[in-house]
Amino acid sequence: MTNETHPKPLGILFMAYGGPESLDDMPGYLSDIRAGRVTSSAVLDEITNNYRLIGGKSPLPEFTRAQVEATMRQLEATGRPLKAYIGMRHWSPWIEDAVRDMLEDGVKEAVAIVLAPHYSSLSVAKYQKKIKAALEMYHGHIDFAFIDDYHTEPGYITALADRVREGIQSFPEGERDDVHVILSAHSLPVRIEKEGDPYSKQLLESARLIAAQAGLNAEQWSWSYQSAGRSPEPWLGPQLDEHLHDLAAKGIKKVVSVPVGFVSDHVEILFDIDIAAQEVARELGMTLVRPPALNTDPLFIGTLASVIERKVAGL
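For what it's worth, this note's numbering labels the leading residue of the sequence shown as 410, then goes sequentially.
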């Protein structure tokens, strides 16, 4: 592909959940997540304090920008003019604003990817619907090629298997056979399984590949969900805190926690694991180790570049 053949840049829209960049953003951020439903003062205070404990803001926007920059550097080798855009589902820069910018730039074709490796009607599909709604709102047209998932990509699996090994190796050599690995992802309502949603299946597929590559047998690892939402309906489990209690009851005292559904540090890792789960582990007399998140790991960035490049080649 040459620049002469494709004079217009092809847009690459990277999407992520979004996060408050200051504590002052919290009321608006939570209002957007809750679709305008009132957030009680108790919940607002609790979640604001969670963010205060991790530094007073979400690091997700900053890591997203770094991931995008690193991925675009790898994509320069495609030989086709590409332009990156960032859109967040629940905070600025909004997906709708990114689509508007793409239309104003004259983008006619684009690839859209969510910085979440697993597909669900309640996650990735929601991002894609926002793109379509934005195109309708601005009366524009862009041919989008959607990347639905990349949960079995070799680089992604290897990067997480490396973290499993890193976590185990943080224990003294003589104790490593006693270490148990918990792989986890964000919980979603149980009803998605009745609807045939692939989320749980894809997560377990990733987990089995990661465990196999890390050399774990069936007794050395287990699955858990985390960060369930605040709604009365049942959510997928077991939840991480409950799972720690179950493992402790079996005599397990050394745990490595590797979240596989998150690709960068944010509140679901920095608070839900590093603070809340750590507190539970301490109360149970357990040692919990959480290796670094993927962030800008070259293997993960290479995964993003690879799946995008394959989509670009088909346009």
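Beta carbons: idealized from backbone N, C-alpha and C, even for Gly. Just so it is clear, the structure is predicted and the values come from calculations on it, not from any experiment.
Handout entry: Counted within 10 angstroms of its Cβ, other Cβ atoms place His589 as buried (16 or more) or exposed
Key = Classification of His589: buried, given that the 10 Å Cβ count is 16 or more.
Handout entry: Nearest-angstrom Cβ-Cβ length linking Leu469 and His675, presumed shorter than 8 Å
Key = Separation of the CB atoms of Leu469 and His675 is rounded to 4 Å, and the pair is thereby assigned contact status at 8 Å.
Exercise for the section: With a 10 Å radius around its C-beta and 16 neighbouring C-beta atoms as the bar for buried, classify His652 as buried or exposed. Expected result: Buried is the call here.
Practice task
My understanding is that Ala637 touches Ser666, with C-beta atoms under 8 Å, so please give their C-beta distance in whole angstroms.
Solution key: Going by Cβ atoms, the distance from Ala637 to Ser666 rounds to 16 Å, so no, they are not a contact pair.
Practice task
Decide if Ala542 is buried, meaning its Cβ has at least 16 other Cβ atoms within 10 Å, or exposed.
Solution key: Exposed, because fewer than 16 other Cβ atoms sit within 10 Å of the Cβ of Ala542.
Handout entry: Under 8 Å between C-beta atoms of Ile619 and Val672
Key = At a Cβ-Cβ threshold of 8 Å, Ile619 and Val672 do not count as neighbours.
Handout entry: Start-end ranges of the beta strand (DSSP E) lying completely within the region 567-639, minimum 3 residues
Key = Listed in chain order, the complete beta strand (DSSP E) runs (minimum 3 residues) inside the region 567-639 are 588-595, 630-635.
Problem - Nearest-angstrom Cα separation, counted from Asp650 out to Leu612 - result: Here the alpha carbon of Leu612 sits roughly 19 Å from the alpha carbon of Asp650.
Handout entry: Own chain residues within Cβ distance below 8 Å of Ile566, not counting five before or after
Key = Around Ile566: Ser615, Leu618, Ile619, Gln622.
Practice task
Going by DSSP, name the residue or residues bridged to Lys663.
Solution key: The partner list for Lys663 (beta bridge, DSSP) reads Val588, Thr696.
Handout entry: Unbroken beta strand (DSSP E) run spanning Tyr426, endpoints
Key = From DSSP, Tyr426 is part of no beta strand (DSSP E); its letter is neither H nor E.
Exercise for the section: On the DSSP bridge assignment, give the partners of Lys492 in chain order. Expected result: Among the bridge pairs identified by DSSP, Lys492 is matched with Gly420.
Exercise for the section: Could you check what DSSP says for Val676 in three-state terms: helix, strand or coil? Expected result: Val676 falls in the helix class under three-state DSSP.
Practice task
Using 10 angstroms around the beta-carbon of Pro436, count the other beta-carbons present and answer buried if the total reaches 16, otherwise exposed.
Solution key: Exposure of Pro436 is indicated by the presence of fewer than 16 other C-beta atoms within 10 angstroms of its C-beta.
Exercise for the section: Please go through the same chain and pick out, in chain order, the residues whose beta-carbon is closer than 7 Å to the beta-carbon of Gly605, but skip the five residues on each side of it. Expected result: Closer than 7 Å at Cβ, skipping near neighbours: no residue.
Exercise for the section: Mind reading off the beta-carbon distance from Leu645 to Ser609? Whole number of angstroms is fine, and I expect it under 8 Å. Expected result: Distance from Leu645 to Ser609 at the Cβ level is roughly 7 Å; contact confirmed, criterion being Cβ atoms closer than 8 Å.
Handout entry: Assigned exposure category for Arg719 - 16 Cβ within 10 Å defines buried
Key = By the neighbour-count rule (16 or more Cβ atoms within 10 Å), Arg719 is not buried but exposed.
Exercise for the section: Tell me whether Pro668 sits in a helix, a strand or coil according to DSSP, three-state version. Expected result: Of the three classes helix, strand and coil, the one that applies to Pro668 here is strand, per DSSP.
Exercise for the section: Kindly list the residues whose CB is nearer than 7 Å to the CB of Leu708, restricted to its own chain and excluding five residues on each side of it in sequence; keep chain order. Expected result: The beta carbon of Leu708 sits closer than 7 Å to the beta carbons of Gly564, Thr567, Ala568 from its chain, once the five residues preceding and following it are set aside; these are given in chain order.
Problem - Contacting residues, own chain, Cβ-Cβ under 6 Å from Thr411 (five flanking each side not counted) - result: Confidence at Thr411 is low in this model, with a pLDDT of 41, below 50, so its placement is unreliable and the value that follows should be read with caution. The beta carbon of Thr411 is closer than 6 Å to none in its chain, skipping five residues each way along the sequence.
Problem - Collapsed DSSP secondary structure at Leu708 in the structure displayed - result: Leu708 falls in the helix class under three-state DSSP.
Handout entry: Contiguous beta strand (DSSP E) assignments of at least 3 residues, all confined to the region 459-529
Key = Here the runs fully enclosed are 491-497, 518-523.
Practice task
Have a look at Asp571 and Ile577 and give me their C-alpha separation to the nearest angstrom.
Solution key: Using only the alpha carbons, I get a separation of about 10 Å.
Handout entry: According to DSSP, residues forming a beta bridge with Ala554
Key = When DSSP reads this structure, Ala554 sits in a beta bridge with Val520.
Problem - alpha helix (DSSP H) segment containing Asp441, residue limits - result: For Asp441, the uninterrupted alpha helix (DSSP H) run begins and ends at 435-442, by DSSP.
Practice task
Check whether the region 507-517 touches the region 480-499, counting contact only when three or more Cβ pairs, one atom from each stretch, lie closer than 8 Å.
Solution key: Short answer: they touch.
Exercise for the section: Answer yes or no: do Ser715 and Gln648 have a C-beta to C-beta separation smaller than 8 Å? Expected result: In this structure, Ser715 lies away from Gln648, with their beta-carbon atoms at least 8 Å apart.
Handout entry: Beta-carbon proximity list for His499, same chain, < 7 Å, skipping 5 on both sides
Key = Same-chain partners within the cutoff: Tyr426, Gly427, Tyr438, Asp441, Ile442.
Practice task
Taking only beta-carbon positions, decide if Pro647 is within less than 8 Å of chain D.
Solution key: In the displayed structure, chain D is absent; only one protein chain is listed.
Exercise for the section: Decide if the region 544-562 is in contact with the region 445-452; the criterion is three or more beta carbon pairs, one per stretch, under 8 Å apart. Expected result: At 8 Å Cβ cutoff, the stretches do not touch.
Practice task
If I'm right that Val533 touches Asp552 with Cβ under 8 Å, what's the distance once you round it to whole angstroms?
Solution key: Wrong, their Cβ atoms sit about 19 Å apart, outside the cutoff.
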